[in-house]
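Under this note's numbering, the first residue of the sequence shown carries the number 613, and numbering increases by one thereafter.
The structure appears right after this line, and notes come after that.
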Amino acid sequence: MNEKAFHTLEYPKILDRLATYTSFSGGAALALALRPSPDLRLAQEGIQEVTEARALLEEREEALSMGGVHDVRGAALSTVRGVVLETNILLDLRSTLRRATTLRRILGRMKGPYPLLAEIAEGLEECTALQHEISRIISEDGKVQDSASPRLAIIRRDLKVAFDRLQNKLNNIINNANNSQFLQEQLITQRNGRYVIPIKSEFKGRIPGIVHDQSASGATLWIEPWPQ
């Protein structure tokens, strides 16, 4: 079909309407890319595929559900270029692979009444090892788990030990009765990414440390105490 006939028949409008029935952007892109085939056999096969899909939807609608599927084409291209993917993108990828796995297995068991759909499903990649690896490394809320690597587990353990020691030191300072007159309040907070305590400016130096900030009035200094 030439471009003139393509537009005379308002074929783009048909594709636009078809795209509105798709579940996600990847499906919409495929719908918009459809073109009439000059091959009678391929056209008849396409009609039969649609016939099978309609019959399956009437019999078991959930079998063809696209729930959990995401458009991961951009992510796939990024990995080819060596880009490191964000954890939420990896979870989307796993969700898509899980749905592909389910579709392939469901349609594989229904090959008798739906041979063309089963044949299409055979082309879906399950990537089971990748699914398992993503689950091992990333938690459901998108955080990299300690189990991602032995080295990461050690680093996080050491960080927790250091953090606990720091908190204990700061708590000892603010809870020490000898320091109460120097403090604006018994508080541990952060300034510029460092843990600090609020000291009355007139007592600067009474608790040795680095001044990271001061209040607008100048009455309070935010001090990171020196290690003791």
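Built from N, CA and C at the ideal position, the CB exists for glycine as well.
In this text, all values refer to a predicted model and were calculated from it rather than measured experimentally.
Alpha carbon to alpha carbon, how far is residue j from residue i? Give it in angstroms, no decimals.
i	j	result
E664	G735	17 angstroms
S637	A643	10 angstroms
A641	G724	30 angstroms
V808	A765	27 angstroms
G821	G639	60 angstroms
E671	V756	41 angstroms
S751	T708	16 angstroms
E737	Q743	11 angstroms
V773	A645	57 angstroms
I800	D758	27 angstroms
C739	R653	32 angstroms
K625	R717	35 angstroms
F618	I746	45 angstroms
S649	R763	56 angstroms
L703	G754	7 angstroms
A730	M678	16 angstroms
K816	R769	35 angstroms
L782	F775	11 angstroms
A675	G686	26 angstroms
N780	N787	10 angstroms
Alpha helix (DSSP H) containing residue i: first to last residue?
i	result
P725	Element bounds for P725: n/a, residue is neither H nor E.
T837	The sequence given here has Pro at residue 837, not Thr. No alpha helix (DSSP H) contains P837, which is instead part of the beta strand (DSSP E) from T832 to P837.
A828	Counting along the chain, A828 falls outside any alpha helix (DSSP H), and DSSP gives it neither H nor E.
E615	E615 to T620
Let me confirm a value: residue i is counted as buried when at least 16 other C-beta atoms fall within 10 Å, else exposed. Which label applies?
i	result
A733	buried
H682	buried
I835	buried
F794	buried
I659	exposed
I767	exposed
A712	buried
L771	exposed
L719	buried
L833	buried
V692	exposed
V684	buried
Regarding residue i and the ligand ZN, is the C-beta to nearest heavy atom distance less than 7 angstroms?
i	result
L627	With respect to the ligand ZN, the structure shown offers nothing to examine, as it has no ligands at all.
My guess is that residue i and residue j are in contact by the Cβ rule of under 8 angstroms, so how many angstroms apart are they, rounded?
i	j	result
E657	L728	7 angstroms
S813	A831	6 angstroms
I811	Q798	That belief does not hold up - the Cβ atoms of I811 and Q798 are roughly 12 angstroms apart, past 8 angstroms.
I749	N791	So it is not a contact: roughly 44 angstroms between Cβ atoms.
L668	Y726	6 angstroms
L680	R710	It should be pointed out that residue 680 corresponds to Gly in this sequence rather than to Leu. At roughly 6 angstroms, the Cβ-Cβ gap stays under 8 angstroms, so G680 and R710 are in contact.
P839	I785	Not quite, the Cβ-Cβ distance comes to about 12 angstroms (not below 8 angstroms), so this is no contact.
Can a CB atom of chain C be found closer than 8 angstroms to the CB of residue i?
i	result
L782	The displayed structure is made up of one protein chain only, and chain C is not part of it.
* **Every unbroken alpha helix (DSSP H) inside the stretch 630 to 714 [4 residues or more]** => 637 to 644, 652 to 671 and 685 to 692
* Go through the stretch 801 to 825 residue by residue and report every complete run of the beta strand (DSSP E) that reaches 3 residues or more, in order. => Counting whole runs of 3 or more residues, the stretch 801 to 825 contains the beta strand (DSSP E) stretches 801 to 803 and 806 to 812.
* **Segments of 4+ residues assigned as alpha helix (DSSP H) that fall wholly inside the stretch 740 to 783** => 740 to 749
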